Every structure is written in structure tokens, then in C-alpha cells.
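Residue numbers (this note's numbering): 1 to 425.
Before any comments, here is the structure.
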Amino acid sequence: MLKNILLSVIVLATAISCVQTKTETKDQGGFPFILPKEKPARELSAAMERIYTDYVSPQPQDNELFSQFKYSELKGFDYNNYDGTISRRDPSKTLFHNGKYYIWYTYRNTPTPPQGADKCNDTIPSADWDLSEIWYATSTDGFNWEEQGVAIERPEKPNVGWRSVTTTDILKWKGKYYLYYQGFMQASGKRGDDCPVAVSYADSPDGPWTPYNKIVIANGAEGEWDQYSIHDPYPLVHDGKIYIYYKSDFGEKPHLVRMQGLAIADDPLGPFTKHPLNPLITSGHETSLFPFKEGVAALVYKDGPEHNTIQYAKDWVNFEIASITELMPYAAAPYVPDAFDDTKDGRGITWGMAHFINVNSDWDRFCSKLVRFDCDLSQDVHDPEMKAHRVVHKTDVYYRQGLSEKQRQRINQKNTQLLKVSSLK
Ligand code: AAL
């Protein structure tokens, strides 16, 4: 008897709650014609809730951390007609010093294009960034560059980076300059793209650069996510310390996972302590960040579940998606005027360097080139053209993403089966 009473109470309560929900939704009327800038006092769907809770503004054009990206060819760099023997890639953040912009980058100049790990030797590169040095260039406008030559040479064996020194970034700290870079002690691709991080220092951005000749950010312990590769060291100054964000490739090919972590030190030469919550960013490839207001923003592109996003961490550790965008710069290395100011009000960015890899779309002549990008991710600029919702592509951009032979065969087989079945009816 009691059981039946309980059961009927539950059924009645459920019915009332359904009617109530229906009644409440019905009473609030339709959503307003003008999209409210603030979250309206009404019941919202999950998606509508999200545009008011997860993003700076419900519409991209009003979102300071949304931007399109525009690209410009650089002048001043020779690439041997893109025959694959010269490559420039993975630029550093841009530094402004004594009226000139400075960039550093991976420079490869080898007798052949990359030939893979099995065919490489002391002069033949395994990969586009094998047997490379760190070179630098200066500019007064960010479009026309004057290559200055080598900044960091490959050291003698067995010093860190003897095989290749690549993928550098710049730190200015207490009047001195530090270049962090990947120091390869074996050809990339022998096992994987394995390397730790090394550092050199100078009193001037023009050098001379003194190698520390020690590993400054070491690979993780065996079985840890970053046990093989510490890539794309990216220094910023925050909370009176040096914050170096970095990437690691982990897991097994062909399903490499690329995520980003953080190592922190009080001194540019270390010791660096890795953050216990690493990895901090679940997607992206090279590291590209900038102080924004009290936190730090990140350009997250290319790989992972949250690629093509701009993310933000108020505490410099826990990142949230701030906007979704497209056609993002690869290996973006912005000009970040306040990168080393330990600012509590990061002003943001409007331009920087990036790269195009495999510029010929020909794996037998693989080489990369530097490019400039512009954007509006700044508190001090409002450029509506950079806040347009969509990038308008010409039709050939879509046709170039054509079906592979394998996909066409799959589609044709499916179609043939359908026609056969329909003919039997
Ligand atoms: C780049 C960077 C690192 C990798 C290779 C060269 O895009 O992620 O530098 O090692 O690719």
C-alpha cells in the first residue's frame, strides 16, 4: 500500500515539474530581436548561456580576443628559388631595440633538401630544421628586413645542440638578452623529434652570444608526457619570474599528441621548475602567447581538439577558450612590447612573424619561409576589418582541398552498391 502511495507521489511530482518547466518557458516569451549585450534574465539554452559566460562578448566583433589574421610577404630573404636547400622558419618574438626590430629564426643552408632520418649524414639533413643554426635579421618597418647573419652556431660535439640549434625565442632580463632554443644531439626523426632546451646570453641583441652549454629545460622522466621533446621555448616575464611555455610531442606516430606546458625560474639560467598541472594547453603546435590585461592569451592552432582558438588564462595557468577563429599564423611569434615588463595590464598584440612550411608543396624540395601577420588582439587598437566574422576564400581554395583517389574509390563503390540494390527492386 505505502509503495503504491510513494509511486503515485513520484509520478505526480514529475508531471508537475514537466508542466512547470513548460509553463516557465512559455511565460518568458520569444528571445528579443536585438541580441542583448549582457546575459538576459530568462531561461537560456546551453549554447545561448555559453556566449554570455564563456566569451568576452556574445559577438566576435566586440570580442577583444577575437581577430582575423592578414599576411604580408617579407623582403630581404633569399631562398635559392625555393629549391629546398635554404629554409627559414620558427621565428622568435620580435624585439624592438634602438630604433630597429630584431627577429631570430632557424636557418638551414644545406647541399640538399631534407632526405629523412635514414638517408641523412653530417651534411645531408633529415628534416627541415636539421643541421641548422640560429640567424637574425633587423628591420625598421617589419616588412623589409636586412639579414645580419648567424647568432648561434652549432657547438662542437658533445655540447647540447651540436647536431642542430633551432626554434629559438628571446628574453630580455635585467638588461641582458637570452636566446632559448632546441638543442638537438641527434638527427630529428632517428627516434622522434627529440631534444631538450639550451640557452645563450649576450649584453646586446647583436651578440656576441655565449652558450651556457648546459641543458636548461630538461626532458621529462621516462614515461612522462615530455620525456622526449621540449620544443618551442617561449619566455615571458610574470610575477617577478621567467615563465617559459613549451610544447611537447608525445604518444606514438602516426597519432602524435601535441600539448603545451610551462616551466618557471627565478633566474634565466635556471633551475626551471615544471608546473605540476602540465600540460596546460591541450592543442596547438608552436607556442605563441602574450600578456593581456592581468592574464596571458595564447594563439592555439594546427593540432588538437581546440585548434583554431585564442585562449586566455587569468592566472597564467588555467586556459579557457576566449574565441574561435581561422587561418591562424603558424609558429606565430608576435611583437609583444610588454613581454618582459611583468605587466599587470597586458596591452596585447597587432603583428608579428610566422612561417609557411613546405612552400613548394613538394616534399622533395621541402623548405619554409618567414611571413608577417597582422591582427587586432590589442586593447589599444580597434580595427573592424580584423573583427569580421568570416574569411572569404576564393573557390580555388576549396577545390585545392579535393578528394584523394582513395576517397573517390570509396564514394564510387558506395554509389555502385546503391545503384545495384535499386536495380534489383
Ligand atoms: C616546429 C616546432 C619545433 C619542432 C619542429 C622545429 O614547428 O614545433 O621546431 O621541433 O617543428
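Yeah, the Cβ is synthetic: ideal placement off N, Cα and C, and Gly gets one too.
Keep in mind it's a predicted model, so treat the numbers as computed, not measured.
Under three-state DSSP, which class holds residue i?
i: K414; result: helix
i: Q379; result: coil
i: L299; result: strand
i: V165; result: strand
i: V397; result: helix
i: Q148; result: strand
i: M386; result: helix
i: T23; result: Unreliable positioning characterises T23 in this predicted model, as indicated by a pLDDT of 47, which lies under 50. The coordinate reading is nonetheless provided below. Note: T23 maps to helix in three-state DSSP.
i: L171; result: strand
i: N109; result: strand
i: D190; result: Looking at the sequence itself, residue 190 is Lys, so the reference to Asp does not match. Here K190 sits in coil by DSSP.
i: V421; result: helix
i: Y52; result: helix
i: Y212; result: coil
i: Q409; result: helix
i: P196; result: coil
i: Y82; result: helix
i: P60; result: helix
i: A202; result: strand
i: A47; result: helix
i: S87; result: strand
i: F356; result: strand
i: D232; result: strand
i: H97; result: strand
i: E114; result: In the sequence under discussion, the amino acid at residue 114 is Pro, which differs from the Glu named in the question. In the structure shown, P114 sits in coil (DSSP, three-state: anything other than H, G, I, E or B).
i: F33; result: coil
i: F184; result: strand
i: P155; result: coil
i: G346; result: strand
i: A221; result: coil
i: K119; result: coil
Closer than 6 Å: is that where the CB of residue i sits relative to any heavy atom of ligand 1?
i: W104; result: no
i: E294; result: no
i: H97; result: no
i: D232; result: yes
i: E286; result: yes
i: T166; result: yes
i: W129; result: yes
i: D90; result: yes
i: D193; result: yes
Tell me residue i's beta-bridge partners as DSSP assigns them.
i: C367; result: Beta-bridge pairing links C367 to no other residue.
i: F272; result: Beta-bridge pairing links F272 to no other residue.
i: T309; result: V300, I324
i: D249; result: R258
i: A127; result: Per DSSP, none; premise fails for A127.
i: W104; result: Y136
i: K70; result: D374
i: A265; result: I242
i: W351; result: D374
i: V237; result: I242
i: F290; result: A297
i: A41; result: DSSP output for A41 lists no bridge partner at all.
i: L179; result: I170, S200
i: A333; result: M353
i: K75; result: N144
Validate contact between the stretch 134-149 and the stretch 101-109 using beta carbons, cut 8 Å, 3 pairs: yes
The stretch 78-97 in contact with the stretch 349-362 per 3-pair CB rule at 8 Å: yes
Cβ contact check for the stretch 389-399 and the stretch 153-160: 3 or more pairs under 8 Å: no
Cβ contact check for the stretch 329-343 and the stretch 311-320: 3 or more pairs under 8 Å: no
Any 3 or more C-beta pairs closer than 8 Å across the stretch 209-217 and the stretch 190-200: yes
The stretch 245-259 contacting the stretch 202-216, beta-carbon criterion three pairs below 8 Å: no
Stretch pair the stretch 49-66 + the stretch 85-92: three plus CB contacts closer than 8 Å: no
Cβ contact check for the stretch 342-352 and the stretch 406-415: 3 or more pairs under 8 Å: no
Cβ pair count under 8 Å reaching 3, the stretch 360-377 against the stretch 265-278: no
contact_flag[the stretch 278-298, the stretch 26-33] where n(CB pairs < 8 Å) is 3 or more: Segments in contact, no.
Contact between the stretch 164-180 and the stretch 219-237 (3+ Cβ pairs under 8 Å): yes
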